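Chemist:
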Amino acid sequence: GDSVTQMEGPVTLSEEAFLTINCTYTATGYPSLFWYVQYPGEGLQLLLKATKADDKGSNKGFEATYRKETTSFHLEKGSVQVSDSAVYFCALAAYSGNTPLVFGKGTRLSVIA
Amino acid sequence: GAGVSQSPSNKVTEKGKDVELRCDPISGHTALYWYRQRLGQGLEFLIYFQGNSAPDKSGLPSDRFSAERTGESVSTLTIQRTQQEDSAVYLCASTARGHGNEKLFFGSGTQLSVL
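As they're listed, the protein sequences go chains A and B.
Each residue of the first sequence is one higher than the last, beginning at 1 in this note's numbering.
Each residue of the second sequence is one higher than the last, beginning at 1 in this note's numbering.
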């Protein structure tokens with residue numbers, strides 16, 4: 001079945017460092033891809049998405065590009081802030097659109113001042 | 001309400017007891033999901049409700065798990081005869097259209113600990 005694999009955490013960075021969180025997927029057809037974020041004490045919320053190959057999703061300075069050739073959707077940010085400390089989840093929605101979202105395990109990011 | 005509300009936020013129970021978890025979705029959202037996340041694991045789909053259609057129970061791990069939802073309102077997830085492996089964070093999410101609308105709105109979850 002469809003699956004998502006993301007890098008193990010936790011990731012600890014200093015403020016203004018560059019962030020990459022790797023995500024790869026296995027799916028039939030052409031899934032849509034997402035990053036969700038969970039800030040401390042809050043529910044998961046959609047951060048960005050991409051629905052077809054070579055699309056770039058972006059939000060709040062974060063970016064991820066849908067790479068079909070490498071089945072990847074890595075999350076990047078050029079300069080992280082303490083407020084970016086959270087757990088990040090990569091997810092996919094099957095092309096058929098009739099199954100629930102499939103999530104990765106989550107990667108905890110801690111940014112220190 | 002303004003967001004998805006789950007209660008209780010934490011629940012500690014003894015092995016063999018029954019527990020009931022509650023989810024209040026966003027008003028007007030027809031679709032409701034339950035997921036769980038065990039330590040070190042990804043979110044695991046449990047059950048999906050869409051309007052008045054029969055729920056998709058394909059993710060329920062055993063017959064000790066059941067869930068109900070009346071119309072487009074509150075949902076309860078019941079775990080009977082809890083086991084230690086049931087310890088997890090149980091997450092509820094709602095959305096306006098269900099599958100195909102990927103913007104799920106999640107609650108903060110219920111942390112269940114079975115001793």
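Virtual Cβ for every residue (Gly too), placed ideally from N, Cα, C.
These numbers were taken from a predicted model, which means no experiment stands behind them.
1. Indicate whether the contact test is met: 3 or more Cβ pairs, each with one atom in the region 58-68 of chain A and one in the region 1-10 of chain A, closer than 8 Å.
2. What does the Cβ neighbour count give for residue 48(B), buried or exposed, with the cut at 16 atoms within 10 Å?
3. Restricting to runs no shorter than 3 residues, where is the beta strand (DSSP E) found entirely within the region 26-78 of chain B?
4. Please compile the residues from chain A whose C-beta is within a distance smaller than 8 Å of the C-beta of residue 4(B).
5. From what residue to what residue does the beta strand (DSSP E) around residue 88(A) run?
6. Counting only Cβ pairs nearer than 8 Å, list the residues of chain A close to residue 48(B).
7. Taking DSSP as the reference, what is the three-state secondary structure of residue 20(B)?
8. Do you know how far the Cα of residue 50(A) is from the Cα of residue 21(B)?
9. State the Cα-Cα distance for the pair residue 35(B) and residue 53(B), rounded to the nearest angstrom.
10. For the region 8-54 of chain A, list the beta strand (DSSP E) runs that are entirely contained and at least 3 residues long, ordered along the chain.
Modeler: The structure says:
1. no
2. The count along the second sequence starts at 1 and reaches residue 48(B) at position 48. Burial call: buried.
3. 31-37, 44-50, 65-69
4. Mapped onto the second sequence, residue 4(B) falls at position 4. In chain order: 43.
5. Working through the first sequence from its first residue, we reach residue 88(A) at position 88. Per DSSP, residue 88(A) belongs to the beta strand (DSSP E) from 86-93.
6. Here residue 48(B) refers to the residue found at position 48 when the second sequence is read from its first residue. Near residue 48(B) (Cβ distances below 8 Å), the residues of chain A are 100.
7. In the second sequence, the residue the question calls residue 20(B) occupies position 20. If DSSP states are grouped into helix, strand and coil, residue 20(B) belongs with the strands.
8. For this step, residue 21(B) is matched to residue 21 along the second sequence. For this step, residue 50(A) is matched to residue 50 along the first sequence. So the two alpha carbons sit approximately 33 Å from each other.
9. On the second sequence, residue 35(B) is found 35 positions in, with the first residue counted as 1. On the second sequence, residue 53(B) is found 53 positions in, with the first residue counted as 1. Whole-angstrom Cα-Cα distance: 19 Å.
10. 11-14, 19-21, 23-26, 32-38, 45-50
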